[in-house]
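Undergrad: First to last, the sequence lines map onto chains A and B.
Note that the first sequence covers residues 24 to 180 in the working numbering.
Note that the second sequence covers residues 24 to 180 in the working numbering.
Can you keep this structure in mind? I'll have questions shortly.
Number of protein chains: 2
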Amino acid sequence: MHQAARNDGLTSYCFEDLEVGMQAEYRRTISQADVERFAEVSGDVNPLHLDAAFAGRTRFEGRIVHGMYTAAMISTVIGTRLPGPGCVYMSQDLRFLAPVRAGDEVVASATVVELFAEKRRSRLETLCRVGETVVVRGEALILVPSRTQLQDVADAG
Amino acid sequence: MHQAARNDGLTSYCFEDLEVGMQAEYRRTISQADVERFAEVSGDVNPLHLDAAFAGRTRFEGRIVHGMYTAAMISTVIGTRLPGPGCVYMSQDLRFLAPVRAGDEVVASATVVELFAEKRRSRLETLCRVGETVVVRGEALILVPSRTQLQDVADAG
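Here's what the structure looks like:
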């Protein structure tokens with residue numbers, strides 16, 4: 024398998040080098056400070072994420088991380104590792120299956136499950152886990168550059 | 024139509040008060056500094072969002088906002104306005120239709136399109152627009168508290 028040389032530590036695959044079964048992941052332990060920054064940047068100040076007293080009275084019995092914050096890490100895997108810079112995000116579906124709490128390590132993964140050569144598209148299974156628990160499950164559809172296209176946009180360095 | 028009194032400026036609807044056709048929106052003009060903060064908090068440092076030289080060589084001919092950043096504003100509408108705090112996000116699908124650039128005002132909207140009384144669920148049409156252009160389109164499925172449940176979690180204030 025080949026990948027484009029990049030000088031920023033990221034990985035870029037062209038369509039020709041993708042194979043069904045290839046997988047990548049991104050791990051991050053989310054702090055409450057991260058949740059507060061996500062609330063600021065998104066505007067989603069739902070007290071379920073920020074207000075311990077309110078959140079304690081809900082079914083979750085405490086503050087939880089924004090589902091879309093966890094889901095954003097799927098984009099991180101796709102946009103920086105598999106297939107990485109140069110790809111185009113076409114669609115993503117998300118099922119929010121279990122809560123994530125500050126202090127949890129989220130492992131977001133993407134696995135190539137289907138390749139459509141004619142249009143250079145790839146379908147990826149996308150999961151976020153905390154320990155053994157799948158917290159977000161879904162699929163992404165991505166447009167992947169050809170080898171020539173990827174060389175055209177690759178870093179000069 | 025009724026809504027729970029809240030002391031934080033947010034709106035909370037219980038299932039009994041939702042009707043098909045109800046709509047809410049959230050507007051935000053995204054700056055490049057916002058994009059950089061989103062990259063830090065999500066780990067998605069794809070140069071398409073951060074590096075003007077790289078992004079200029081892609082089909083987008085310049086940096087674009089993370090699709091998942093724009094999509095996060097759908098969660099903002101749902102979690103803070105319609106139906107607001109107390110609801111539970113079950114699923115979201117997203118189609119990324121057009122790029123968003125720093126300086127663009129994104130208008131995220133959610134519209135109630137279907138109500139399932141037995142399980143207190145609501146299906147919402149979710150759109151993000153920049154001007155007349157739909158940039159993200161999808162649907163959300165939400166679990167909505169009953170009036171009694173919402174009163175139980177409402178702010179003491």
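Think of the CB as a built atom: it goes at the ideal place given N, C-alpha and C, for glycine as much as any other residue.
So, at 7 Å on beta carbons, what are the nonlocal neighbours of B:Leu120 in its own chain, with the 5 sequence-adjacent residues on each side left out?
TA: Counting only Cβ-Cβ distances below 7 Å, and skipping sequence neighbours, we find Val157, Val158, Val159, Arg160.
Undergrad: Determine the DSSP secondary structure at A:Tyr36, reduced to helix, strand or coil.
TA: Coil, per DSSP.
Undergrad: What separation, rounded to the nearest whole angstrom, lies between the Cα atoms of A:Pro70 and B:Pro108?
TA: Computed Cα separation, rounded: 7 Å.
Undergrad: Using a threshold of 9 Å, state whether the C-beta atoms of A:Val100 and A:Ile53 are closer than that.
TA: It is not a contact, given that the beta carbons lie outside the stated cut-off.
Undergrad: Let me make sure I understand the geometry here. Which of A:Phe139, A:Gly32, A:Pro168 has the alpha-carbon closest to that of A:Cys110?
TA: Per the Cα distances, A:Pro168.
Undergrad: I'd like to know if A:Ser98 contacts chain B, where contact means its C-beta is closer than 9 Å to some C-beta of that chain.
TA: So yes, A:Ser98 belongs to the interface.
Undergrad: Report the neighbours of A:Leu117 on chain B: residues whose CB is nearer than 8 Å to its CB, in chain order.
TA: Going along chain B in sequence order, the residues near A:Leu117 (Cβ under 8 Å) are Ser114, Gln115, Asp116, Leu117.
Undergrad: Which of the residues in the segment 83–107 of chain B, read from start to end, lie with their CB under 7 Å from any CB of chain A?
TA: Of all residues in the segment 83–107 of chain B, His89, Gly90, Met91, Ala94, Ala95, Met96, Ser98, Thr99, Gly102, Thr103 have a Cβ within less than 7 Å of some Cβ in chain A.
Undergrad: Between A:Thr81 and A:Ala94, what straight-line distance do the alpha-carbon atoms span, to the nearest angstrom?
TA: Their Cα atoms are separated by approximately 22 Å.
Undergrad: Less than 7 Å between C-beta atoms, sequence neighbours within five positions excluded: which residues of the same chain meet that for A:Leu166?
TA: Result list for A:Leu166: Cys110, Val111, Met113, Arg143, Arg144, in chain order.
Undergrad: What does A:Val176 touch in chain B if you count any residue whose Cβ is under 7 Å from its own?
TA: Per Cβ cutoff of 7 Å: Phe77, Arg80, Thr81.
Undergrad: Return the residues of the segment 59–73 of chain A that lie within a Cβ-Cβ distance of less than 7 Å from chain B, sorted by chain order.
TA: Here the close residues are Arg60, Phe61, Val64, Ser65, Gly66, Asp67, Val68, Asn69, Pro70, Leu71.
Undergrad: For B:Gly126, decide whether its Cβ has a neighbour in chain A, counting only Cβ atoms nearer than 9 Å.
TA: So no, B:Gly126 is outside the interface.
Undergrad: Beta-carbon separation of A:His72 and B:Gly102 under 9 Å?
TA: Cβ atoms of A:His72 and B:Gly102: closer than 9 Å.
Undergrad: Do A:Leu117 and A:Ala133 have their beta-carbon atoms positioned less than 9 Å apart in this structure?
TA: Not in contact: A:Ala133 and A:Leu117 (Cβ atoms no closer than 9 Å).
Undergrad: Using only the alpha-carbon positions, how far apart do B:Cys37 and B:Gly90 sit?
TA: The straight-line gap from Cα to Cα measures roughly 30 Å.
Undergrad: Would DSSP call B:Asp116 helix, strand or coil?
TA: Here B:Asp116 sits in strand by DSSP.
Undergrad: Which residue marks the beginning of the alpha helix (DSSP H) containing B:Glu90, and which one marks its end?
TA: Note that residue 90 of chain B is Gly in the sequence shown here, rather than Glu. That run of the alpha helix (DSSP H) goes 90–103.
Undergrad: Could you compute how far the alpha carbon of A:Tyr92 sits from the alpha carbon of A:Phe61?
TA: Answer to the nearest angstrom: the Cα atoms are 7 Å apart.
Undergrad: Got a sec: is the Cβ-Cβ distance from A:Tyr36 to anything in chain B below 9 Å?
TA: False, the Cβ-Cβ gap to chain B never drops below 9 Å.
Undergrad: Would A:Ala140 be called buried (16 or more neighbouring beta carbons within 10 Å of its own) or exposed?
TA: Exposed.
Undergrad: With 9 Å set as the bound, which would you pick, yes or no: does the beta-carbon of B:Asp40 sit closer than that to a beta-carbon of chain A?
TA: Output row for B:Asp40: interface = no.
Undergrad: B:Thr34 and B:Arg104 look like a contact to me (Cβ under 8 Å); what is the Cβ gap, rounded to whole Å?
TA: The Cβ separation is near 5 Å, so the contact holds.
Undergrad: What residues from chain A crowd round B:Arg51, counting only those whose CB sits closer than 7 Å?
TA: What B:Arg51 touches in chain A: Gly66.
Undergrad: Could you tell me if the beta carbon of A:Cys37 falls within a distance shorter than 8 Å of some heavy atom in the ligand NAP?
TA: The ligand NAP is not part of this structure, which contains no ligands at all.
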